[in-house]
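In the numbering used here, the protein residues as written are 22 to 873. Just so it is clear, CB atoms sit at the ideal spot from N, CA and C, and this is done for glycine as well.
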RNA sequence: GCCCAGGUGGCGGAAUGGCAGACGCAAGGGACUUAAAAUCCCUCGACCGCAAGGUCGUGCGGGUUCGACUCCCGCCCUGGGCACCA
């Protein structure tokens, strides 16, 4: 029903997305619309997207992150916020170094090339950033400060070196942090089967922050529950007791290095049922315990066999193997002498590496005791007191009553736990303790492409930190990459040989570099003073702008990056560098984009190896960036996974084309209707209804964007509004108030659309006679008067089933509504001959008559 | 085993305890066109019925309620996190 008059230039009638997209990208850049002056923090809104690793090119799956972030930034700007959206590059990392080994291209060259490509891609998507704050973690002006922060942590004892059993990735030729090993024992990055090796490595003492990291999760109201739950699981707090078991001296008079063996238990209430103790095979000093005893050979064999097992074999539930040591310990509660065993199911890294075994009340101990015919004793009775060793077929692990445990007998076991821990403390052989699963963060990597650890080894002075004035410790560029994967720093004399900063004698530089997760643990502070070469962070500015108001990124960083960044923030807080304890107030984790593989028809995350990658370039060429953006946001709830569907992209394009034509064809008289007012009392019914629909839409879209970012329903609402517009005839021939309605509707559609499809919105905004940029325009406001209805449609139900509907004055009272409902012929058909038991009236909505 | 999500048409997905399936995709039919593209109109959960209309339907089984996709209890399934963690 749209008038078909064609505009002056027929060309532009066909939504010239290519020209307008190039035009507006240039305009935003020239006008510096995303440059933010951080000296003014009134109404600040720090909108941050996880900075990408410059892997080469971005696909539409990556795009979701940036498109969501850009839509949020644009929306908040229109809501009057002073929005800061910086962007940078997590630019150190193994892929670039591995590529260098293959192709000979230096990692810095390939990385900077990739950055240039990806920057172009972000621009082509229409995403705006404050590029003056760009940080690139592989450049000395950034990693200088990463190294400086390392030194600060080192001074505080939060960075330390120790010999430990660590995860070794044989493919990437480096050690890894626990967080970077998947549950199946393979490396998160390379996929290699991780090996355990005893090596001397650098750690950050994240465990010192375990409790704070756990406690402060509760303050993070703006974080998804699942992310908080994952971090809670990972930290793995458990309360228990540490009990010292005296070691029974050897018969042959040979002295031991220790006279007690401590163990950690969460079930000290079961200790009267403890019938033996088990040590981890790697337990330090185990060999001296058994030296010269008849059991020595079997113990050595056992340890050797257990040592050959891989991490997965050791940590997979299943068969438990062990061996008797020939030694005994004493249970300090009942003074009973019990045998000391070694078992491969006991982990050195957890607790004390020793377990008090209570087969009657622990499923693992039950299995072990049965296998090796060890004694079993009940020390917790079930509430009915019917437990009997003769009839038990599995360990009783539930709560009950303590038995055979004078002076604790007959106590409910939960009450016995604190009492027994207190008793141990008074007696001096134990105490209540809290144990965490979280391990310290292993940060050294035996690779080249990372920030060098600023430490020097001197034969006389030992470990010496590089003086601050000598930072950055620069990565040498003249290096040779060997296929073995060995770090070129290890055989780079100029890099390694250095005088000791303390005594001046020849010394050796640390050749390990830092985990790239260190670089990304503090970049959000650096954005605020990215070009400052005098200090790592600008404390005053951080006070103003931190925390980040909205952080947006992938769920895959739920534990890794997000916990490391929280740890760094707390450590920097303790150093007085910043005054916020949590970096990210609101966290939004968008779901992955998947696509069906052409090979096997399964859904996979987009990746080159699966061959299901969709590049944005061809789509932008064919449909424009606005279409790709609109489709990406419309695909489904942004926090959920979504399957990419090439066909549906066209639907988004059709919609934009429709809006383009509607506005463009009528632009002349729409501009002329600039000052016309939509007088409510002068509007014919259809225009009045459209005007109501418009304001309902504004209300709903605004609600959808606040908080939960329901872009999909917001866009659906714009589509509905356009559909409603289709049902009326829009032309210049209408009276002024009606023209005003059409103008306001189309203008609002453009405004409401602008965070999602900003180029077309800018162009149409201008076509409607407004000055650019739409970013400076105000988000539409709801006109409460427009929402008013004189009449409402009411649903009529009989026994909960819809039987009809009637129009009622909005002011009708309950009685009138009930009356009208009973009089309705449809309703009468269903209540005829029945007794009406109850009538429910929901004002403005429905009537339900219960009849039977 | 423990802890989180989730299960709705052919598909993606909508629904403050109040009309289940908004919006879009796909499909089918039609209009315009020499033709195509583009655009527009109609149909589109299942079953019964010529129709009016009716019955069933949100993983399964119960419950609360005038009324349940929504709340409660018990299951099943899918995805994710943790797990020989003492």
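How is residue i classed by DSSP in three states: helix, strand or coil?
i: residue 165; result: helix
i: residue 868; result: strand
i: residue 666; result: coil
i: residue 316; result: coil
i: residue 451; result: strand
i: residue 71; result: coil
i: residue 212; result: coil
i: residue 541; result: coil
i: residue 28; result: Its pLDDT being 39, under 50, residue 28 is placed unreliably by the model, and the measurement read from it follows with that caveat. Of the three classes helix, strand and coil, the one that applies to residue 28 here is coil, per DSSP.
i: residue 660; result: coil
i: residue 326; result: helix
i: residue 857; result: strand
Please tell me whether residue i and residue j are closer than 9 Å, where the distance is taken between their beta carbons.
i: residue 260; j: residue 287; result: yes
i: residue 593; j: residue 200; result: no
i: residue 715; j: residue 691; result: no
i: residue 373; j: residue 360; result: no
i: residue 558; j: residue 598; result: yes
i: residue 738; j: residue 660; result: no
i: residue 877; j: residue 256; result: The structure shown does not extend to residue 877, since the chain spans only 22 to 873, so no value can be given for it.
i: residue 707; j: residue 749; result: yes
i: residue 88; j: residue 49; result: no
i: residue 129; j: residue 148; result: no
i: residue 429; j: residue 242; result: no
i: residue 701; j: residue 745; result: no
When the Cα atoms are used, what is the spatial distance from residue i to residue j?
i: residue 752; j: residue 573; result: 43 Å
i: residue 787; j: residue 793; result: 6 Å
i: residue 726; j: residue 740; result: 16 Å
i: residue 432; j: residue 424; result: 8 Å
i: residue 24; j: residue 821; result: Residue placement at residue 24 cannot be trusted, given a pLDDT of 30 that sits under 50; what the coordinates show is reported in the next sentence. Cα to Cα, residue 24 sits roughly 46 Å from residue 821.
i: residue 225; j: residue 552; result: 27 Å
i: residue 859; j: residue 832; result: 22 Å
i: residue 31; j: residue 731; result: At residue 31 the pLDDT is 47, less than 50, meaning the model places this residue with poor confidence; the figure from the coordinates comes in the next sentence. Spanning the two alpha carbons is a distance of roughly 37 Å.
i: residue 819; j: residue 870; result: 5 Å
i: residue 855; j: residue 843; result: 12 Å
i: residue 212; j: residue 441; result: 46 Å
i: residue 703; j: residue 759; result: 9 Å
i: residue 872; j: residue 853; result: 9 Å
i: residue 269; j: residue 358; result: 8 Å
i: residue 722; j: residue 736; result: 8 Å
i: residue 65; j: residue 137; result: 29 Å
i: residue 28; j: residue 98; result: Confidence at residue 28 is low in this model, with a pLDDT of 39, below 50, so its placement is unreliable and no value can be given for it.
i: residue 606; j: residue 693; result: 46 Å
i: residue 355; j: residue 450; result: 12 Å
Going by DSSP, what residue range makes up the alpha helix (DSSP H) through residue i?
i: residue 189; result: Where residue 189 is concerned, there is no enclosing alpha helix (DSSP H), although the beta strand (DSSP E) it sits in stretches over 180 to 190.
i: residue 773; result: 757 to 774
i: residue 563; result: 560 to 566
i: residue 777; result: Taken as a continuous stretch (DSSP letters only), residue 777 belongs to no alpha helix (DSSP H), as it is neither H nor E.
i: residue 587; result: 581 to 595
i: residue 517; result: 514 to 517
i: residue 253; result: 246 to 256
i: residue 718; result: 706 to 726
i: residue 650; result: 646 to 655
i: residue 384; result: 384 to 393
How far does the beta strand (DSSP E) with residue i in it reach, from first residue to last?
i: residue 222; result: 216 to 225
i: residue 46; result: Careful: residue 46 lies outside any beta strand (DSSP E), inside the alpha helix (DSSP H) at 38 to 52.
i: residue 891; result: Residue 891 is absent from the model: the chain starts at 22 and stops at 873.
i: residue 615; result: 614 to 617
i: residue 259; result: 259 to 267
i: residue 529; result: 527 to 530
i: residue 286; result: 281 to 286
Problem - Inter-stretch contact at 8 Å, needing at least 3 Cβ pairs: the segment 283 to 299 / the segment 375 to 382 - result: yes
Handout entry: Inter-stretch contact (C-beta, 8 Å, three-pair minimum) for the segment 541 to 549 and the segment 559 to 578
Key = These segments touch.
Handout entry: the segment 771 to 781 / the segment 798 to 809 touching (three or more Cβ pairs under 8 Å)
Key = yes
Handout entry: the segment 54 to 74 / the segment 639 to 659 touching (three or more Cβ pairs under 8 Å)
Key = no
Handout entry: Validate contact between the segment 319 to 330 and the segment 382 to 396 using beta carbons, cut 8 Å, 3 pairs
Key = Short answer: they don't touch.
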